[in-house]
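Below: one structure, written as structure tokens.
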Amino acid sequence: MKRTVALAAIWLVFAGAGLEALVVGLIFVPIAVGLSLRLVPDGIPVRLGAVAGLLPRFIAQSVIGGIDVARRAFDPRLPIDPGWIEVPVALPDGGRVALGGELSLMPGTLAAGSVGNRLLVHVLDRKQDVAAAIRHEEERLWQTTGARRGGASTGGPPKDTEGSR
Amino acid sequence: MSAWFLAFATLLLLSLAGALWRIWRGPEPADRMMAAQLVGTGGVGVVLLLAAASDWQMLDVALVLALLAAFAAIAFVKAQSVDGSGDPEEDPVSPAAGTDPTTIQPGRAPDAR
Amino acid sequence: MIDGTASDIAATGFDLVLAAMILGAGLFAVTVRDLFGAVVFFIVYGVFVALAWLRLGALDVALTEAALGAGLTGVLLIGAVARLGRRTGTQGTDALSRRSAFSVRSVSQIATMLVSAAVSVALGWAFLSLSDSDGLRAGVAANLDASGVSNPVTAVLINFRGWDTLLESIVLLAALIGLWSLWRDDDWGRRPGLRQHARADGVLAMFGRLLPPFGLLFGVYMVWVGSSLPGGAFQGGTVLAAVWLLMMMAGLMPPPMVTSARIRAVLIAGPLVFLSVGIIGAFAGGFLGLPPAYAKPLILMIEAALTLSIAATLALLVLGPPGGPAMPSGPGDAP
Amino acid sequence: MPADIVTLVLCGAGLVFFFAGTAGIIRFPDTLTRLHALTKADNVGLGLLITGLAFQAPDWQSVGKLVLIWAMALIAAGTTAQLVARSALQQQDTSQ
Chain R
29 MKRTVALAAI
39 WLVFAGAGLE
49 ALVVGLIFVP
59 IAVGLSLRLV
69 PDGIPVRLGA
79 VAGLLPRFIA
89 QSVIGGIDVA
99 RRAFDPRLPI
109 DPGWIEVPVA
119 LPDGGRVALG
129 GELSLMPGTL
139 AAGSVGNRLL
149 VHVLDRKQDV
159 AAAIRHEEER
169 LWQTTGARRG
179 GASTGGPPKD
189 TEGSR
Chain A
12 MSAWFLAFAT
22 LLLLSLAGAL
32 WRIWRGPEPA
42 DRMMAAQLVG
52 TGGVGVVLLL
62 AAASDWQMLD
72 VALVLALLAA
82 FAAIAFVKAQ
92 SVDGSGDPEE
102 DPVSPAAGTD
112 PTTIQPGRAP
122 DAR
Chain Y
20 MIDGTASDIA
30 ATGFDLVLAA
40 MILGAGLFAV
50 TVRDLFGAVV
60 FFIVYGVFVA
70 LAWLRLGALD
80 VALTEAALGA
90 GLTGVLLIGA
100 VARLGRRTGT
110 QGTDALSRRS
120 AFSVRSVSQI
130 ATMLVSAAVS
140 VALGWAFLSL
150 SDSDGLRAGV
160 AANLDASGVS
170 NPVTAVLINF
180 RGWDTLLESI
190 VLLAALIGLW
200 SLWRDDDWGR
210 RPGLRQHARA
220 DGVLAMFGRL
230 LPPFGLLFGV
240 YMVWVGSSLP
250 GGAFQGGTVL
260 AAVWLLMMMA
270 GLMPPPMVTS
280 ARIRAVLIAG
290 PLVFLSVGII
300 GAFAGGFLGL
310 PPAYAKPLIL
320 MIEAALTLSI
330 AATLALLVLG
340 PPGGPAMPSG
350 PGDAP
Chain H
20 MPADIVTLVL
30 CGAGLVFFFA
40 GTAGIIRFPD
50 TLTRLHALTK
60 ADNVGLGLLI
70 TGLAFQAPDW
80 QSVGKLVLIW
90 AMALIAAGTT
100 AQLVARSALQ
110 QQDTSQ
């Protein structure tokens, strides 16, 4: 029940640890958990430890992304050369969306959703080698899911084996 | 410190004038929408600075702005979709045909290793 | 570390820039020759005005402005522009620029501008000629203990000036009934709003799955905290309405049937509870008078019911009348 | 005080990124490149601002709220960037 813990923690951040806050939380945190269970029934098979391990690189990359775009924006010559690439991604559904969001904050790439299981990526400068970075991120996201990579090309979401959270 | 925070907030507010210009100019609706996003994010930043300068309870306002930040954009992309209430990701699209300076280099297939 | 004067100068500078931005956004909103642009300026204006309320120390109003002005109203107006464009066959964006330069319209526009300017000047003069006053602040503070809550704004809204809030909640309901009465007869019994759908595993649906539990807790927090700190039924209700709308827009749940008894019960729950408490109070002392001993639980009960009603009403107002395939000939097509 | 200096440096750096975002949204030539500038620069700016202000927060609740604001802004940015980019692409497609 990872999400119960997460939502309870969020409630504590909002309301503090006063007695009244705890009573109100006792009523509404379960409701929020119920809503969450209804919206994401099987739970995303995510290893929280692996996600935490992802964070430092993500933050570093997005800072680099910010610096990269800031440099180009301030540069009088405006050094950009935009184009598109399509990337087949075999991650389970939520993973592809997460990858897209992540790429949008990283240097030089901007995801535009996906067609089938191919992620559309707009690149700011075609001279940058983004393909390797995208592969790298996908590989890292794979490691956060408990899912097996079997049958990747069919794009079917691997079943959650850890049970609901 | 609060003088510093207010000075920063003033500068941040000034940078949003550029977004106003972009909303005025367009040309695409998407340009206007994203300039509003810029004002939203900048607005969250200004609220945070004001909170630090005067009253931390103001963080709740920043939370409201951040929580609802995506809503206008979602309403926008839905309105722009084919039937006005769909999802742009549902509609087929081909960047090759649509955009100009394009080379499609399909990424390597994610072969199982 | 830095003396007060530096802080004062910085504050004045901030206020001046903010005032300029508000005026600029407002002016652009009425002058931009593009309907969608005007809506975007309105949203931006909402953000700036929320900042102004913060500078004035009115956190409750800032929260409302952030949730409504910069949030839900934007969603409503964007949807309205899009539906207008579909009905009239224009892109919506060009609707304004089609007017000819000189017409009866522009004469009436100038007249409107003159009247507005006159009203502004009169209001400005009236404001500047006011003597300095703390208003009713001292009176509210003196009676705060009897109100049952420690947030003076909530005390005024639900207890001291309960009349106003009761009538406001009924006005909101009346607005929804007004909107419903504009539906064409054929549409009655269909679900409100356009037919919402989204790619099931797409970005939009993911966002719609992730955000609601968090938004629900935040909405509840807004209502709960309203008894002691800035917040309350209106702010919380707006957040909850947004969360509900998001789930519908992401195609995760259908909009409710307007004929459903359940949704109607939710719609009237707030005014009904408020009114009943008021009527019971009439026997115990005065209409809408809350006895101090029970004031806090009563206020919480009223706020909870009001929150549900406000959330449902706002969401249904934003959804609007049904649309979609059965709506090719709207009133906009009539000559 | 060292905490104050860290705050000021981080907030100042954040401000530079906000200005970069504005510069990008003005200078970049088309919708999608402007979206790059907005998404990346603004979020780094907000992140730095939040990190800097966290040093000034009076209690753990405020720190928690700052973290939540940051998380919300990140999720919103990742979502809207993809959706608006896709929508802009669609519009380009249909107009040709």
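Residue numbers (our numbering), protein chains in the order written: chain R, 29 to 193; chain A, 12 to 124; chain Y, 20 to 354; chain H, 20 to 115.
Beta carbons are placed, not taken as given, at the ideal position from N, Cα and C, and that holds for glycine.
Secondary structure note for residue 142/R: it is in no alpha helix (DSSP H), and the uninterrupted beta strand (DSSP E) holding it is 137-143.
Restricting attention to 263/Y, 247/Y, 135/Y and 281/Y, the CA atom closest to the CA of residue 330/Y is found in 263/Y. The DSSP-derived three-state label of residue 333/Y is helix. Taking a Cβ-Cβ cut-off of 7 Å, the neighbours of residue 222/Y in chain H comprise 98, 101 and 102, given in sequence order. Comparing C-alpha distances from residue 64/H to each of 34/H, 93/H, 109/H and 55/H shows the shortest one belongs to 34/H. Taking a Cβ-Cβ cut-off of 8 Å, the neighbours of residue 142/R in chain A comprise 100, given in sequence order. Contact with chain H is found for residue 44/R, since one of that chain's Cβ atoms lies less than 7 Å from the residue's Cβ. When the Cα atoms are used, residue 239/Y and residue 106/R turn out to be separated by approximately 47 Å.
Counting of Cβ neighbours within 10 angstroms places residue 101/H among the buried residues, the total reaching 16 or more. Residue 116/R has 146/R as its beta-bridge partners, per DSSP. If the five residues before and after residue 235/Y are omitted, its C-beta is found closer than 8 Å to the C-beta atoms of 259 and 262, all from its own chain and listed in chain order. Boundaries for residue 177/Y: no alpha helix (DSSP H) harbours it, and the DSSP string shows neither H nor E there.
Within chain H, the C-beta atoms nearer than 7 Å to that of residue 26/A come from 37, 38 and 41, in chain order. In chain order, 53, 56 and 57 place their CB closer than 7 Å to the CB of residue 44/H, counting only its own chain and leaving out the 5 sequence neighbours on each side. When Cβ-Cβ separations below 7 Å define contact, residue 46/H makes contact with chain R. In the DSSP assignment, residue 13/A falls within the unbroken alpha helix (DSSP H) covering 13-36. By the 16-neighbour rule on beta-carbons within 10 angstroms, residue 167/R is exposed. Close CB contacts of residue 53/R within its chain, under the 8 Å cut and outside five residues either way in sequence, are with 36, 39, 40 and 43 (chain order). The beta-carbon separation of residue 85/Y and residue 37/Y, rounded to 15 Å, does not stay under the 8 Å limit for a contact.
When secondary structure is reduced to three states using DSSP, residue 46/R falls in the coil class, being assigned neither helix nor strand. Just measuring C-alpha positions, the residue of 90/R, 140/R and 135/R sitting nearest residue 154/R is 135/R. A Cβ-Cβ distance of about 5 Å is found for the pair residue 140/R and residue 108/H, placing them in contact under the 8 Å criterion.
Looking at 291/Y, 216/Y, 296/Y and 214/Y, the one whose alpha-carbon comes closest to that of residue 317/Y is 296/Y.
With fewer than 16 neighbouring CB atoms inside 10 Å of its own CB, residue 28/H falls in the exposed class. Three or more pairs of CB atoms, one per stretch, sit closer than 8 Å, so the region 224-233 of chain Y contacts the region 264-278 of chain Y. Taking the Cα positions, residue 72/H is about 49 Å away from residue 279/Y. Between residue 158/R and residue 111/R, the beta carbon gap of about 10 Å keeps them out of contact (Cβ cut-off 8 Å). Here the alpha carbon of residue 105/H sits roughly 47 Å from the alpha carbon of residue 25/Y.
Counting C-beta pairs closer than 8 Å gives fewer than three between the region 77-91 of chain H and the region 141-150 of chain R, which falls short of the contact rule. Across the structure, residue 198/Y and residue 103/H are spaced so that their CA atoms are roughly 30 Å apart. With 16 or more neighbouring CB atoms inside 10 Å of its own CB, residue 111/H falls in the buried class. By the criterion of a C-beta distance shorter than 7 Å, residue 57/A is surrounded in its chain by 20, 23 and 24, once the five residues flanking it on both sides are discounted.
The Cβ of residue 53/H sits no closer than 7 Å to any Cβ of chain R. Taken in chain order, the unbroken stretches of alpha helix (DSSP H) that lie wholly in the region 234-277 of chain Y and span 4 residues or more are 252-268. Rounded to the nearest whole angstrom, the CA to CA distance from residue 146/Y to residue 47/A is 32 Å.
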